[in-house]
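Chemist: Sharing a structure, written as structure tokens. Questions coming.
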Amino acid sequence: MLGLMQSRPLLVSTLVDYAASCHADREVVSRDPDGLVHRTNYAIVAARAKRLANALHRLGVQFGRPVATLAWNGFRHLELYYGVTGSGRVLHTVNPRLFPEQIQYIINHAEDAFVFFDPAFVPLVEQLAPHLPLVRGWVALCDAADMPAVKVKNLLCYEDIVGAASSDYQWPLFDENTASTLCYTSGTTGNPKGVLYSHRSTVLHAFGACTTDSFGFSARDSILVVVPLFHANAWGVPFAAALCGAKLVLPGPRLDPESIYMLLEQEGCTMAGGIPTIWLNFLAWVETRRAQLDLSRLKLKRVFAGGTAPPRATIEKFRDLLGVFLLHVWGMTETSPLVTIASPVSKHAGLSADKIVDMQVSQGRQMYGVELRLVDADGRVLPHDGVTVGELKVRGNWVISGYFKGEGGQVVDRDGWFGTGDVATIDPDGYVRLTDRLKDVIKSGGEWISSIEIENLAVSHPDVFEAAVIAVHHPVWQERPLLIIQPKPGRNPSKESILEFLSSRIVKWWLPDDVLFVESLPHTATGKLLKTELRARYHGHLAVSG
Ligand code: ADP
Numbered sequence: 408m409l410g411l412m413q414s415r416p417l418l419v420s421t422l423v424d425y426a427a428s429c430h431a432d433r434e435v436v437s438r439d440p441d442g443l444v445h446r447t448n449y450a451i452v453a454a455r456a457k458r459l460a461n462a463l464h465r466l467g468v469q470f471g472r473p474v475a476t477l478a479w480n481g482f483r484h485l486e487l488y489y490g491v492t493g494s495g496r497v498l499h500t501v502n503p504r505l506f507p508e509q510i511q512y513i514i515n516h517a518e519d520a521f522v523f524f525d526p527a528f529v530p531l532v533e534q535l536a537p538h539l540p541l542v543r544g545w546v547a548l549c550d551a552a553d554m555p556a557v558k559v560k561n562l563l564c565y566e567d568i569v570g571a572a573s574s575d576y577q578w579p580l581f582d583e584n585t586a587s588t589l590c591y592t593s594g595t596t597g598n599p600k601g602v603l604y605s606h607r608s609t610v611l612h613a614f615g616a617c618t619t620d621s622f623g624f625s626a627r628d629s630i631l632v633v634v635p636l637f638h639a640n641a642w643g644v645p646f647a648a649a650l651c652g653a654k655l656v657l658p659g660p661r662l663d664p665e666s667i668y669m670l671l672e673q674e675g676c677t678m679a680g681g682i683p684t685i686w687l688n689f690l691a692w693v694e695t696r697r698a699q700l701d702l703s704r705l706k707l708k709r710v711f712a713g714g715t716a717p718p719r720a721t722i723e724k725f726r727d728l729l730g731v732f733l734l735h736v737w738g739m740t741e742t743s744p745l746v747t748i749a750s751p752v753s754k755h756a757g758l759s760a761d762k763i764v765d766m767q768v769s770q771g772r773q774m775y776g777v778e779l780r781l782v783d784a785d786g787r788v789l790p791h792d793g794v795t796v797g798e799l800k801v802r803g804n805w806v807i808s809g810y811f812k813g814e815g816g817q818v819v820d821r822d823g824w825f826g827t828g829d830v831a832t833i834d835p836d837g838y839v840r841l842t843d844r845l846k847d848v849i850k851s852g853g854e855w856i857s858s859i860e861i862e863n864l865a866v867s868h869p870d871v872f873e874a875a876v877i878a879v880h881h882p883v884w885q886e887r888p889l890l891i892i893q894p895k896p897g898r899n900p901s902k903e904s905i906l907e908f909l910s911s912r913i914v915k916w917w918l919p920d921d922v923l924f925v926e927s928l929p930h931t932a933t934g935k936l937l938k939t940e941l942r943a944r945y946h947g948h949l950a951v952s953g
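For the sequence shown, the numbering used here begins at 408 and goes up steadily by one.
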């Protein structure tokens with residue numbers, strides 16, 4: 408017997424509609440590249456998203472066709488989030504930090520009809536345009552007065568096309584499994600692959616993000632979205648914020664600590680999210696200016712961070728300097744991205760501050776809507792005992808079932824489990840601890856050494872800014888760990904002091920065979936250590952250094 412309740416499709420348009428009717432005057436604040444602050448609200452965002460939908464119709468962009476963005480976090484980009492998807496087209500947010508050849512590949516692969524770009528990206532646009540035969544036009548995200556001089560076919564002005572279109576528009580109703588947004592993974596090996604989210608997955612993910620033990624957004628929150636709108640839908644924050652009517656603060660391209668601090672203070676931000684590197688720099692800046700700043704003016708309560716693991720010292724510094732709780736999250740582009748969040752459970756009540764941080768450095772517990780398991784190399788399911796290490800598999804309502812256009816073939820097993828490529832333990836309370844990525848694991852004499860664990864320890868050394876551990880070839884042990892360190896500015900640690908620091912904290916056979924110091928470590932377009940480059944550079948290091 409079926410239930411007798413209504414079944415309305417879970418469409419992205421319902422999110423902005425809800426925000427426009429129930430939180431109409433809740434602000435959306437953006438800062439442009441010149442530092443000027445622009446204020447709008449959900450009612451206006453929704454109305455302009457509808458104008459944009461009409462404009463797309465006039466441009467002849469068909470239902471289901473992707474359009475691309477090359478843009479920072481700003482109100483026009485947010486309008487595209489809703490206008491493109493709500494009208495049944497697909498929003499393809501392109502990461503402008505990728506190599507131009509990769510961007511060219513993904514825009515061609517996605518068959519984007521138009522590209523909406525921030526004027527700041529004019530040099531990139533000029534470089535790309537001749538190689539993108541399927542793109543029918545380029546829309547500059549600005550008004551007529553600021554139109555850039557750029558040599559591309561069919562150059563349009565966003566404010567002109569939106570201004571000329573009517574706001575009289577009804578969001579269409581269609582199957583909730585229809586594609587809504589498209590994001591390519593950065594693909595450190597091979598071509599980037601497209602992850603095609605659906606309206607249903609996006610709305611369910613937004614519900615999940617708002618639950619108290621995940622991001623826990625509310626109508627009273629003001630959220631600084633440092634994570635780019637082109638990175639896994641900014642972790643779903645723009646959708647989750649509309650679902651509960653939270654204020655959105657979009658910082659544009661300026662992500663230096665001072666700019667972030669000013670926005671947090673001026674916009675009364677209660678929450679903020681971004682990758683750990685941003686917070687590392689931010690905290691260092693706050694610490695050195697502590698005497699000049701009136702920290703009591705900040706309303707910040709919680710910060711969320713993921714993409715890479717935030718160092719323990721970052722979590723502690725947020726707590727001690729600002730009284731802020733850092734919410735550590737784990738996920739992937741392929742998982743929308745939220746899967747686990749390090750929130751306390753009742754047994755943490757009354758525990759020491761140190762024990763709470765022990766919990767926070769873990770990648771956290773799974774949220775409702777997704778499931779996790781650990782498996783060994785033969786696919787056997789492993790126990791959640793906090794000790795056994797295996798590959799993390801995930802399945803659920805906002806997890807990929809296959810890449811766009813079938814790239815990469817079958818990526819989930821018969822039972823729907825997706826192999827994340829991450830290696831972890833899961834403890835009996837469900838807390839996940841990542842020890843490595845499968846491809847980064849160091850196999851020394853048949854045993855595994857966790858590169859992440861050594862990196863985490865190395866960055867707790869007072870002179871270390873960032874650390875990378877990679878496997879290098881060894882004639883006897885097959886592979887041994889090599890530690891590569893970027894010292895803090897003005898510090899000059901010695902190899903001996905680093906090894907001595909580590910030796911009291913890890914077993915002897917995990918100690919790196921050598922320590923190198925570099926001015927800077929290479930990163931991917933999403934801020935992760937680019938270990939492929941380090942491995943290529945240092946593969947034979949032990950043979951060379953003897
Ligand atoms: P990309 O596809 O560019 O690598 P993703 O954001 O999809 O970008 O990367 C997902 C990967 O990032 C995960 O598989 C994991 O290895 C790493 N990652 C994400 N969050 C964390 C975290 N909290 N701690 C450690 N690693 C993380």
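Cβ coordinates follow ideal geometry from the N, Cα and C atoms, glycine included. A quick note: this is a predicted structure, and the numbers were derived from the prediction, not measured.
Mapping DSSP to helix, strand and coil, what is M678?
Modeler: strand
Chemist: List the residues that DSSP assigns as beta-bridge partners of C651.
Modeler: BP columns for C651 are empty, so no partner.
Chemist: Quick one: using the 10 Å Cβ neighbour count with 16 as the cut-off for buried, is E674 buried or exposed?
Modeler: Result: buried.
Chemist: Between the Cα of V491 and the Cα atoms of H516, P537, V444 and V423, which residue gives the shortest distance?
Modeler: Selected option, being the one with the closest Cα: V423.
Chemist: Output needed for R733: all residues of its chain with C-beta closer than 8 Å, excluding positions within five of it in sequence on either side, in chain order.
Modeler: Reading off the sequence shown, one finds Leu at residue 733, where the question assumed Arg. Closer than 8 Å at the Cβ level, and outside the excluded window around L733, lie W686, R709, V710, F711, A712, P717, T721, I722, F725, R726 and Q767.
Chemist: Decide yes or no for the touch test of the segment 880 to 893 against the segment 740 to 751: beta carbon pairs closer than 8 Å, at least 3 of them.
Modeler: no
Chemist: Measuring from the CB of Q770, is there a heavy atom of ligand 1 at a distance below 7 Å?
Modeler: yes
Chemist: Rank T476, R504 and Q773 by C-alpha distance to the C-alpha of K935 and give the top, closest one.
Modeler: R504
Chemist: Under 8 Å by Cβ, that's how I've got L707 and T677 pegged, so tell me the actual separation to the nearest angstrom.
Modeler: 6 Å
Chemist: Among the residues of its own chain, which have a CB less than 8 Å from the CB of G953, if the five just before and after it don't count?
Modeler: With a pLDDT of 46 at G953, under the threshold of 50, the predicted position of this residue should be treated as unreliable, though the coordinate-derived value follows. Excluding positions up to five away in sequence, the list is empty.
Chemist: Please go through the same chain and pick out, in chain order, the residues whose beta-carbon is closer than 6 Å to the beta-carbon of T715, but skip the five residues on each side of it.
Modeler: P683 and K935
Chemist: Any heavy atom of ligand 1 closer than 7 Å to the Cβ of P744?
Modeler: yes
Chemist: What first and last residue would you give for the alpha helix (DSSP H) that runs through C590?
Modeler: Per DSSP, C590 belongs to no alpha helix (DSSP H); it is in the beta strand (DSSP E), A586 to Y591.
Chemist: Note down the Cα distance separating P790 from G597, rounded to an integer number of angstroms.
Modeler: 33 Å
Chemist: What is the C-beta distance between V435 and L498, in whole angstroms, given that I count them as a contact (C-beta under 8 Å)?
Modeler: With 8 Å as the limit, V435 and L498 do not qualify as a contact, their Cβ atoms being about 17 Å apart.
Chemist: Bridge partners of D519, per DSSP?
Modeler: None; D519 has no bridge partner.
Chemist: Are P919 and D870 closer than 8 Å when you measure CB to CB?
Modeler: no
Chemist: Keeping to the same chain, check which residues put their C-beta closer than 7 Å to that of H954; ignore five residues upstream and five downstream.
Modeler: For the chain, the structure presents residues 408 to 953; residue 954 sits outside this window and is missing.
Chemist: Using a 10 Å radius around the Cβ and a threshold of 16 neighbouring Cβ atoms, would you call F614 buried or exposed?
Modeler: Buried.
Chemist: Can you find at least 3 beta carbon pairs, one from the segment 758 to 766 and one from the segment 776 to 795, that sit closer than 8 Å?
Modeler: Between the segment 758 to 766 and the segment 776 to 795, the count of Cβ pairs shorter than 8 Å is below three; the stretches do not touch.
Chemist: On the three-state DSSP scale, how would you describe L563?
Modeler: strand
Chemist: Which residues does DSSP list as the beta-bridge partners of A875?
Modeler: Answer by DSSP bridge pairing, in chain order: I891.
Chemist: Name the two residues that bound the continuous alpha helix (DSSP H) containing P394.
Modeler: Only positions 408 to 953 of the chain appear in this structure, which leaves residue 394 out of reach.
Chemist: Select from L459, R772 and I510 the residue whose C-alpha is nearest the C-alpha of D620.
Modeler: With distances taken between Cα atoms, D620 lies closest to R772.
Chemist: Is any non-hydrogen atom of ligand 1 found closer than 7 Å to the C-beta of L498, if you look at the structure I gave you?
Modeler: No - ligand 1 has no heavy atom lying nearer than 7 Å to the Cβ of L498.
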